[in-house]
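In full-length UniProt numbering, the protein residues as written are 1 to 339. Every residue gets a Cβ at the ideal spot worked out from N, C-alpha and C, and that includes glycine.
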Amino acid sequence: MAQILIFTLFVFTVVYCNAVKIPLIGTDTALFDKFEKSFNKKFSNPSERVKRLGIFAKNLAQIKMLNLLHPETEFGITEYSDLTTEEFQSRLMAADWEDKFASAMNISNNGQNDETQKRYKRATAPANYDFRNAQKVTAVRNQGSCGCCWSFATVAAIEVQYALKYNQLIGLSEQQLLDCDNVNGGCNGGYPYYSMQYAITNGLKQQYYYPYLGYKSTCQSSTASGFITYLRTFTQLPADENYLVDYIYNYGAVTMCFTFPSTMQHYVSGIVSLTASQCEAQKSGAHAVTLIGFGVENNVPYFTAKNSWGTNWGEAGFFRFRRNQNFCSFTSNLVAPVF
1 MAQILIFTLF VFTVVYCNAV KIPLIGTDTA LFDKFEKSFN KKFSNPSERV
51 KRLGIFAKNL AQIKMLNLLH PETEFGITEY SDLTTEEFQS RLMAADWEDK
101 FASAMNISNN GQNDETQKRY KRATAPANYD FRNAQKVTAV RNQGSCGCCW
151 SFATVAAIEV QYALKYNQLI GLSEQQLLDC DNVNGGCNGG YPYYSMQYAI
201 TNGLKQQYYY PYLGYKSTCQ SSTASGFITY LRTFTQLPAD ENYLVDYIYN
251 YGAVTMCFTF PSTMQHYVSG IVSLTASQCE AQKSGAHAVT LIGFGVENNV
301 PYFTAKNSWG TNWGEAGFFR FRRNQNFCSF TSNLVAPVF
């Protein structure tokens with residue numbers, strides 16, 4: 001019998017925190033020194049360091065302005081504070097993948113919504129719910145400079161669904177999708193709709209046996225050892241945030257793709273609240289993440305998403321955004337795995 005690695009997550013109450021938090025007190029140079037040490041930054045030469053300090057200072061000015069404009073959100077120094085918006089975009093997401101997203105957005109529902117709902121008795125969703133409290137979410141991982149957020153979002157959602165069905169946390173392979181799913185674009189972007197189609201046909205290996213490399217390589221799905229889990233189907237959800245709350249509580253995690261606002265480069269904690277015009281003005285490409293919960297804080301309703309930039313970004317790798325405003329067009333891109 002194939003060995004199944006089981007990961008136990010000792011989480012009983014969700015605590016929102018940033019693993020590395022640098023108070024915005026001091027000169028730009030002093031804060032840059034702290035940034036350099038906190039994130040173990042290494043620069044190739046003194047000129048590069050001076051260049052990065054200049055970018056950091058500009059970002060710091062923007063961060064201070066953002067905190068004045070958005071009191072419900074905390075922006076601050078992150079691992080990416082020495083990058084320009086363009087550098088951040090090219091390292092972490094696909095700037096030109098939205099055209100292909102559009103074709104997937106227009107694909108009609110695959111007909112599994114009604115069938116999925118018949119399998120379970122629906123319950124009324126509470127005000128707050130988070131799959132981390134139910135120990136159904138694996139650790140946040142880091143995609144690095146490869147723009148394969150689509151594979152991380154897909155895997156994270158399938159991991160939650162597997163844990164819900166079998167009461168076991170297992171880490172599945174983003175690298176397999178990156179290497180073997182040739183419909184998507186590897187490090188140049190992709191869409192969970194297509195990667196879930198791959199998981200139905202081919203299954204997913206465990207991450208332990210097919211680890212992440214950070215770049216597209218030769219497909220090893222037929223040679224890598226380890227347990228394989230097959231997805232039964234998937235479903236596209238309607239653009240209805242109340243329906244989405246109900247779906248998450250009753251059925252599980254959901255992937256979302258959205259127009260990524262440049263200010264999120266500096267996100268530290270809190271609830272992001274942006275209007276459609278603000279999202280459009282800050283448009284910096286597209287990004288995919290996994291919805292794992294929802295709640296209300298200070299009378300502000302929000303969704304919680306698992307990101308794939310490591311635990312030094314956001315609320316230990318997660319972020320929250322305001323509900324009922326179609327945050328950066330995310331409701332057009334909701335796809336959920338089904339076992």
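Here F321 is not near F339, since their CB atoms are 9 Å or more apart. A residue is called buried once 16 or more other Cβ atoms fall within 10 Å of its Cβ, and G26, having fewer, is exposed. In this structure, A286 sits away from P337, with a CB-CB distance that is not shorter than 9 Å.
Leaving aside the five residues that flank K165 on each side, the residues in its chain whose CB is nearer than 6 Å to its CB run, in chain order, F339. For the 9 Å CB-CB criterion, S269 and T138 do not form a contact. When Cβ pairs closer than 8 Å are counted between the two stretches, the region 33 to 52 is seen not to touch the region 322 to 331, the count staying below three. DSSP places W313 in the coil class of the three-state scheme, outside both helix and strand. Straight-line measurement puts the Cα of L231 at about 5 Å from the Cα of I200.
Here the alpha carbon of C180 sits roughly 9 Å from the alpha carbon of K216. V140 is positioned such that its CB atom lies no closer than 9 Å to that of S273. The alpha-carbon separation between F294 and N133 amounts to approximately 12 Å. Judged by pairs of C-beta atoms under 8 Å, the region 273 to 283 touches the region 254 to 263, as three or more such pairs exist. According to the DSSP assignment, E74 belongs to the beta strand (DSSP E) that extends over T73 to F75. The DSSP assignment places complete beta strand (DSSP E) segments of no fewer than 3 residues inside the region 223 to 256 at 233 to 236, in order along the chain. Counting along the chain, L291 sits inside the beta strand (DSSP E) bounded by residues K283 to E297. The three-state secondary structure of D179, taken from DSSP, is helix.
In the structure shown, the three-state DSSP call for V137 is coil. Between the region 236 to 255 and the region 206 to 213 there are fewer than three inter-stretch CB-CB distances shorter than 8 Å, so the stretches are not counted as touching. Between M256 and L334, the beta carbon gap of about 6 Å places them in contact (Cβ cut-off 8 Å). Short of 7 Å from the beta carbon of Q175, and not among the five residues preceding or following it, lie these beta carbons of its own chain, in chain order: Y210, P211, Y212 and L213. Shown here for A127: same chain residues with a beta carbon closer than 8 Å to its own, the five before and five after excluded, namely G295 and V296 in chain order.
With a cutoff of 9 Å on beta-carbon distance, S81 and N59 are scored as near each other. Here N184 carries a coil assignment [DSSP, helix/strand/coil]. Excluding five sequence positions before and after V155, the CB atoms of its chain that fall closer than 6 Å to its own CB belong to L172 and E174, given in chain order.
According to the DSSP assignment, T201 belongs to no beta strand (DSSP E) but to the alpha helix (DSSP H) extending over P192 to N202. Residues of the same chain with a CB within less than 7 Å of the CB of V20, apart from the 5 flanking positions on each side, are S38, F39 and N312 in chain order.
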